[in-house]
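Below is one structure, written out as structure tokens, with a few remarks after it.
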Amino acid sequence: MPSSVSISLVIFVWITTIIIINHASTTVAKPQSSSLAQESKALNQTQRWHEKITSSPCKWDGIVCNHGGSVIEININKREYYGPLSDFNFSSFPNLVRFKLVGVWLYGDIPPEIGSVSKLTHLNLSRNSLSGELPLSLAKLTQLEKLDISFNEMSGPIPLELGNLRSLVELYLGGNYFNGTIPSTLGLLTCLTHLDLHSNQINGTIPFEIYNLKNLKALHFDDNSLFGPISSKIGNLKNVVSLNFSHNLLIGPLPHTLGCLTNLTLLSLDSNQINGSIPLEIGNMRKLRHLYLHNNHLTGKIPSTLGNLTCLTHLDLHSNQISGTIPSEIYNLKNLMALHFDENNLSGPISSKIGNLKNVVSLSLSRNLLIGPLPHTLGCLTNLTLLSLDSNQINGSIPLEIGNMRKLRHLNLHNNCLTGKIPSTLGLLTCLTHLDLHSNQINGTIPSEVYNLTNLMALHFDNNNLFGPISSKIGNLKNVVSLNLSHNLLIGPLPHTLGCLTNLTLLSLGSNQINGSIPLEIGNMRKLRHLDLHNNSLTGLIPSTLGNLTKLDFLNLSVNNLVGKIPPYVGHLTNLRYLDIHSNQINGSINPTMGDLQFMQKLDLSNNYISGIIPHELTQLIRLEYLNLSLNKLSGEIVSDIYNLINLSVLDLSHNNLSGSIPPEVIYLYNLTIVDLSHNLFSGNIPLDELAHFKNLRHLDLSSNTLTGHIPSTLAFQCQINLSYNCFEGPIPHGFWRNNTLKSVMGNKNLCNDHISGISHFSTRIKKFSKLIKIIILAPVILSFLLLGVGIVFLSRRKVIRNDQNECKATRNGNLFSIWNYDGNIAFEDIITATEDFDIRYCIGTGGYGSVYKATLPSGKVIALKKLHRLESQEPAFDKSFRNEAKVLSEVRHRNIVKLYGFCLHNRCMFLVYEYIERGSLFYAISNDVEAKELNWKKRVNIIKGIANALSYLHHDCIPTIVHRDLTTSNILLNSEFEAIVADFGIARPLNPDSSKFTTLAGTCGYIAPELAYTMVVNEKCDVYSFGVVVLEIIMGRHPGELISSLASSSARHIMLKDVLDPRLSPHINQTIAQNVVLVVTLALACLRSYPKSRPTMKHVSQEILVRKPPLLKPFYEISMWELMNQEIYLVDKN
46 MPSSVSISLV IFVWITTIII INHASTTVAK PQSSSLAQES KALNQTQRWH EKITSSPCKW
106 DGIVCNHGGS VIEININKRE YYGPLSDFNF SSFPNLVRFK LVGVWLYGDI PPEIGSVSKL
166 THLNLSRNSL SGELPLSLAK LTQLEKLDIS FNEMSGPIPL ELGNLRSLVE LYLGGNYFNG
226 TIPSTLGLLT CLTHLDLHSN QINGTIPFEI YNLKNLKALH FDDNSLFGPI SSKIGNLKNV
286 VSLNFSHNLL IGPLPHTLGC LTNLTLLSLD SNQINGSIPL EIGNMRKLRH LYLHNNHLTG
346 KIPSTLGNLT CLTHLDLHSN QISGTIPSEI YNLKNLMALH FDENNLSGPI SSKIGNLKNV
406 VSLSLSRNLL IGPLPHTLGC LTNLTLLSLD SNQINGSIPL EIGNMRKLRH LNLHNNCLTG
466 KIPSTLGLLT CLTHLDLHSN QINGTIPSEV YNLTNLMALH FDNNNLFGPI SSKIGNLKNV
526 VSLNLSHNLL IGPLPHTLGC LTNLTLLSLG SNQINGSIPL EIGNMRKLRH LDLHNNSLTG
586 LIPSTLGNLT KLDFLNLSVN NLVGKIPPYV GHLTNLRYLD IHSNQINGSI NPTMGDLQFM
646 QKLDLSNNYI SGIIPHELTQ LIRLEYLNLS LNKLSGEIVS DIYNLINLSV LDLSHNNLSG
706 SIPPEVIYLY NLTIVDLSHN LFSGNIPLDE LAHFKNLRHL DLSSNTLTGH IPSTLAFQCQ
766 INLSYNCFEG PIPHGFWRNN TLKSVMGNKN LCNDHISGIS HFSTRIKKFS KLIKIIILAP
826 VILSFLLLGV GIVFLSRRKV IRNDQNECKA TRNGNLFSIW NYDGNIAFED IITATEDFDI
886 RYCIGTGGYG SVYKATLPSG KVIALKKLHR LESQEPAFDK SFRNEAKVLS EVRHRNIVKL
946 YGFCLHNRCM FLVYEYIERG SLFYAISNDV EAKELNWKKR VNIIKGIANA LSYLHHDCIP
1006 TIVHRDLTTS NILLNSEFEA IVADFGIARP LNPDSSKFTT LAGTCGYIAP ELAYTMVVNE
1066 KCDVYSFGVV VLEIIMGRHP GELISSLASS SARHIMLKDV LDPRLSPHIN QTIAQNVVLV
1126 VTLALACLRS YPKSRPTMKH VSQEILVRKP PLLKPFYEIS MWELMNQEIY LVDKN
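When you read off a place in the sequence shown, starting at 1, and then add 45, the result is the number in the working numbering.
Right under this line is the structure:
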């Protein structure tokens, strides 16, 4: 037994220990109690818990405490807290480990005090409205494992100091406004598994250090402005499962080391500028489920190794430049749900193996070069909801099996070569919402089964060969929003059941053979915004119920046989922007209520029988850009309030009975480009000062009126002007002939000019000469005969002497050597000195019958000289061409035609003196890659405009008409402002009505109109054809010979406009340029029509380019050349 002493000692020690422990507990409890009180107080100061009264915050929502009662986690994810993050006193929470406030409307900065919570391992402030920069104090949180600040409004650079957070496993900073570069110090965070910086404004390259993060499973840098290539070091990230670099500016090829990422399930590199081919190694990613490479510059073929990716559910390569056929291995990917290869250059037929993809839901192969028929196995794709095969060269008929796709919602087969009839089995696709077969060669009637598709929202059958009437069953399609059956051969009346389509916003039935009247029920379509019934055979009145369509912004009833007055309720359509009822049989007056159409931009009532005055209410249409009231029976004066139409670009009031003077208030119409007031009864003077303000004016026609007075010297002479058949008098102002010819002033008996034949001379010498003639007539007849012989001998000798002197004068004191000189004194001797007697060093080109030299005169002026070679001067054909060019150019004045300064036509010395055009020929500019890139789309359109203006002048403003006959890109020069200057008139010829129009075949192969090969009849339409070739060459950057041949075949339906554009220029063009390109290509195709009379005149072309900027009815990249070939062009001029 232990001794009593031992027992007493143990008891003493035990008691002493208890006392010490109790004392220690009392001592510790006081500060711990104080700490808990601070935490409770800090929580009470926030808006979330400010009403809590219980003593223990551990029982509050979103609060987690440790065993000692201290707060270790704050977690709120309900949208019930609102306030700044600075409300939290972070220093009061020394034991806080997790802090999560997600989506609770936090705002303001992240306070620097957050760095005091040293034990924090998880910080999540995502989905709030926090702003400002990341505080550097975050770097103190060295135990942090997860940092999530995503989806806020944070800005500034990502701090380098984040590299201190060596324990960090997940970093989410996406969905903010961070800028600057990715800090290389992030490469120190070797524990990272998730790194997400998506949707910021980060730029620069991806630092190499990122590729050292070998534990990464998710790397998301998408939606930034990162540039540079993807490094081959990306292959180091062997554990990555999700990789997203999409929507950046990355360049270069795809590295082959991507094949090392065998754990990837998602690879998204779309919407960059990546080029090169898809590496074969991509087939190593056997776990891949999502592959997105669309919207890049990838070329080459689709690798067959993609067939190894049997787990793929989504494969998207659209909008690249991939070529070749679709490899058969693709059809082994039986798990595919989405397959998008659209907008590439894929060719060949669609394989029947496509039927293997039974799980595919979305299939898009549109806008490629696919050929052949649609395989019947498409019917096996019973899960499809979208099938888009449009804009290819697919032929044959639509297979009946397409009716098996009962889940289909979108079917797009437009812009192909499909023939045959619309299959009745389409009526089985009752889930269809969008059915588009437009721009094919489908014929037959519209099957009645189509009208069973009651879920349809868009039905487009336009631009086919459909015939027969529109069935009354069309009223079943009550959900349809867009209905387009235009440009077919449909006949019969409009069914009254159209009124059941109350959800329609677009109804286009134009260019058919529909007859009868417009049904009253059309007024039921209260949501209609676009109504186009033009170019049919509609009769009767414009129905009064149209007044119900108050949302209409486009109404085209032109080219029909409608009668009656313009109904007053048209004024109720206050959203109208476009109203066209030209070429009908409308009578009565213009209703003043039309002045209420405040959004009107284009108003065309031309070619009707409208009478009365122009109501002053029309001047309230302040947004109006185009007003055409020509070819009517309007009378009265132009109201002075016209100055309100400040946006007006085209004003055509021609061919009416308007009278009075031209109101001076037109001074305010600064945007006018075309004004036609011809064939009226206007009188008085042209407003002297006002017209000088028209800086944009390009065409002014005041002909066939009774205007009087002098032609004002302030008139804007940069435009084409027609003042013919009026009562003007006095001298023609200096500068008038720069853009105009005698035709512009003919029919004004009292106009005079000393320098132009065909107009009375202003000089009094004419009167003296007349008196002398009278004296000679009164002389004896016998004396006249005696003097006749002597006179003939004397005059003949004198003429020879004068011809020698006029043709080639050369003196040391600088006398003129040309019989007509446009640009002051140029001495023959100066030319010989400047070229060192036409030394080869000064030769800059060789033409069809001579060489061209560049010479710098003593005055510093640079000129061009075309000199006929001595041997060539002995050839009658060359001599004739040379003299012809001198004659033609001496009679024309136009800013877009080369200026002739002088000439010498002596047998020993034959040359022409031209202005020197700095940039040389258009052919050189588009043949040279550097020059071609400088010729952007805006400059090219402007060049085309200049050529059109020059030809319009030659054809319509010169008397007689001049035909160039050799218009090529080699004969068009470019000045320093990139303006077109038409040159080389060696074979040009005037079209004299009294002479034969038959000619030998002349011109340049590839530009000659085809009819000249068999008719030999030369006229303006030959130049029009050449102009069409030149325009396409400018747009394509190469001669369009192959394209023109293709356009004559059925393949034209599948040639897309975007594919013929010069590839050296960026394909991304703005809306205005796109409209201009579409317009000039449309005009060019019209100029290339095989039947000469169907080609437009150059006057029409010139005016169309000046005026029309029609809105594109579909995206630019969806427009085909066939559509442009068949597009109706509404020409401004009607003469």
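Beta carbons are placed, not taken as given, at the ideal position from N, Cα and C, and that holds for glycine. Keep in mind the model is a prediction, meaning the values are calculated, not measured.
Do you know how far the Cα of residue j is from the Cα of residue i?
i: Phe138; j: Ile121; result: 16 Å
i: Ile251; j: Ser229; result: 9 Å
i: Asn601; j: Glu374; result: 51 Å
i: Ile756; j: Ile1004; result: 21 Å
i: Glu1163; j: Trp982; result: 19 Å
i: Ile962; j: Ile942; result: 11 Å
i: Lys283; j: Pro300; result: 14 Å
i: Gly17; j: Leu242; result: This structure cannot speak to residue 17, because the chain is shown only from 46 to 1180.
i: Trp1167; j: Ala1119; result: 17 Å
i: His1113; j: Val405; result: 32 Å
i: Tyr867; j: Gly947; result: Its pLDDT being 35, under 50, Tyr867 is placed unreliably in this model, and the value from its coordinates should be taken loosely. Between Tyr867 and Gly947, the C-alpha separation is close to 7 Å.
i: Cys1132; j: His1099; result: 21 Å
i: Pro129; j: Thr187; result: 25 Å
i: Asn134; j: Ala87; result: 6 Å
i: Lys610; j: Leu423; result: 54 Å
i: Val975; j: Arg1109; result: 9 Å
i: Asp577; j: Leu554; result: 6 Å
i: Thr751; j: Gly729; result: 7 Å
i: Arg847; j: Cys949; result: Because Arg847 sits at a pLDDT of 38, beneath the cut-off of 50, its placement in the model cannot be relied upon, and the point is left open.
i: Leu231; j: Glu215; result: 12 Å
i: Tyr614; j: Phe781; result: 47 Å
i: Ser1090; j: Phe968; result: 21 Å
To which residues of the same chain is residue i closer than 7 Å at the C-beta, ignoring the five residues directly before and after it?
i: Pro637; result: Pro660 and Glu662
i: Lys278; result: Phe253 and Tyr256
i: Leu573; result: Leu549, Thr550, Leu552, Leu594, Lys596 and Leu597
i: Val147; result: Asn122, Asn169, Ser171 and Arg172
Which residues in the same chain as residue i place their Cβ atom closer than 8 Å to its Cβ, once the five residues preceding and following it in sequence are excluded?
i: Ser131; result: Gly153, Asp154 and Pro156
i: Leu796; result: Ile756, Phe773, Glu774, Gly775, Pro776, Ile777, Val790, Ile804 and Ser805
i: Ser527; result: Met502, Ala503, Leu504, His505, Leu549, Thr550 and Leu551
i: Ile667; result: Gln643, Asn689, Leu690, Ile691 and Asn692
i: Met1081; result: Leu1088, Val1105, Leu1106 and Asp1107
Please name the residue or residues paired with residue i in a DSSP beta bridge.
i: Thr751; result: Ser728
i: Thr238; result: BP columns for Thr238 are empty, so no partner.
i: Ile766; result: Leu745
i: Pro298; result: Asn320
i: Ser392; result: Leu414
i: Thr584; result: Ser562
i: Ala909; result: Lys899 and Tyr959
Apart from the five residues on each side of it in sequence, which residues of its chain come closer than 6 Å, Cβ to Cβ, to residue i?
i: Glu178; result: Gly201
i: Ser723; result: Ser699, Asp746, Ser748 and Ser749
i: Asn340; result: Asp315, Ser316 and Ser364
i: Ile731; result: Pro757
i: Leu474; result: Leu453
i: Asn209; result: Ala184
i: Asp361; result: Tyr337, His339 and His385
i: Thr753; result: Cys772
For a minimum of 3 consecutive residues, which ranges assigned as the beta strand (DSSP E) are wholly contained in the stretch 641-694? Fully enclosed beta strand (DSSP E) runs of 3 or longer: 647-649, 671-673 and 678-681.
Unbroken beta strand (DSSP E) runs of length 3 or more, entirely within the stretch 129-196: which are they? Taking only runs of at least 3 residues, the beta strand (DSSP E) segments lying wholly in the stretch 129-196 are 143-146, 151-153, 167-169, 174-177 and 191-193.
Any beta strand (DSSP E) of 3 or more consecutive residues that is wholly inside the stretch 323-387: Annotation: the stretch 323-387 contains the following complete segments of the beta strand (DSSP E) (minimum length 3 residues), in chain order: 335-337, 359-361 and 383-385.
Write down every uninterrupted run of the beta strand (DSSP E) in the stretch 238-311 whose length is 3 residues or greater and which is fully enclosed by it, in chain order. Counting only runs of 3 or more, we get 239-241, 263-265, 270-274, 287-289 and 294-298.
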